[in-house]
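Here my numbering is used: the first residue of the sequence shown is 427, the next is one more, and so on. Note that beta-carbon positions come from the ideal geometry of N, C-alpha and C, so glycine has one too.
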Amino acid sequence: MHESRCENMANLQWIKGTEPLGLTPQHCQEVLALFLEETGEVYSPASVRHLPIPCWGGNLVLVNLEEDEPRAIQGVLWATPFKDDIVRIAAFVIASEHQNSGLGGQAWHFFSKAAVEGGYRHVQLEVKADNTAAQRFYQRRNLEIKTPLEGYYQSGLGYMMRGPLTIE
């Protein structure tokens, strides 16, 4: 069992994603399931499809390259230009079986490189207050909790985090 997980991991790759409006119904459902399973948050297909995520290096999906098309989405990192020199991460979620394997750091590297090359110098995001593992991940990348967000998440308190962009 462990060997098959490692083999699957070796074939996982972050690739540039389509705009959410262009997701197939299957891919939209996979993203909704990721949010539900990994964050407990329930979103509608329309709320995902209408996220303002352009096609660029900050729009990444995690797939198994060994799978035939359409490949199942195992994770997303969706970022969008926000204001001035700030880029906002609208969604960053990875299936639990692929967490703590370096894939999050890999996505962050690809995203931050694209953002810095695009002229962005800061990153902002929202994170659930009870997701301390994600907060530590972001803090290791120089983000700080700036503001508590009451009512931002259906399931409880959130924080707005912000920090400088650096290429790891």
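Check                                                                                                                                                                                   : Outcome
Take Gly528 as the anchor and find which of Met587, Phe563 and Ser538 has the nearest alpha-carbon.                                                                                     : Phe563
Would you mind listing the alpha helix (DSSP H) stretches within the stretch 482-561 that are 4+ residues and don't spill past its ends, in chain order?                                : 529-543
Between Gly531 and the ligand COA, is the CB less than 7 Å from at least one heavy atom?                                                                                                : The ligand COA is absent from the structure shown, which contains no ligand whatsoever.
Buried or exposed for Cys500, please, with buried defined as at least 16 other CB atoms from any protein chain shown within 10 angstroms of its CB.                                     : In the sequence as displayed, the identity of residue 500 is Gln instead of Cys. Counting Cβ neighbours within 10 Å, Gln500 comes out buried, since at least 16 surround it.
What three-state label does DSSP hand Tyr469 in the structure shown?                                                                                                                    : coil
Are there three or more Cβ pairs, one per stretch, closer than 8 Å when the stretch 481-496 is compared with the stretch 443-460?                                                       : yes
Please work out which residues of its chain come closer than 6 Å, Cβ to Cβ, to Ser538, disregarding the five sequence neighbours upstream and downstream, and give them in chain order. : Leu591 and Ile593
Please classify Leu458: does DSSP put it in a helix, a strand, or coil?                                                                                                                 : helix
Note down, in chain order, each residue of its chain lying with its Cβ closer than 6 Å to the Cβ of Gly483, except the 5 sequence neighbours on either side.                            : Ala540
Mind checking His453: buried by the 16 CB within 10 Å criterion, or exposed?                                                                                                            : buried
Looking at the unbroken beta strand (DSSP E) that takes in Pro590, where does it start and where does it end?                                                                           : Gly582 to Pro590
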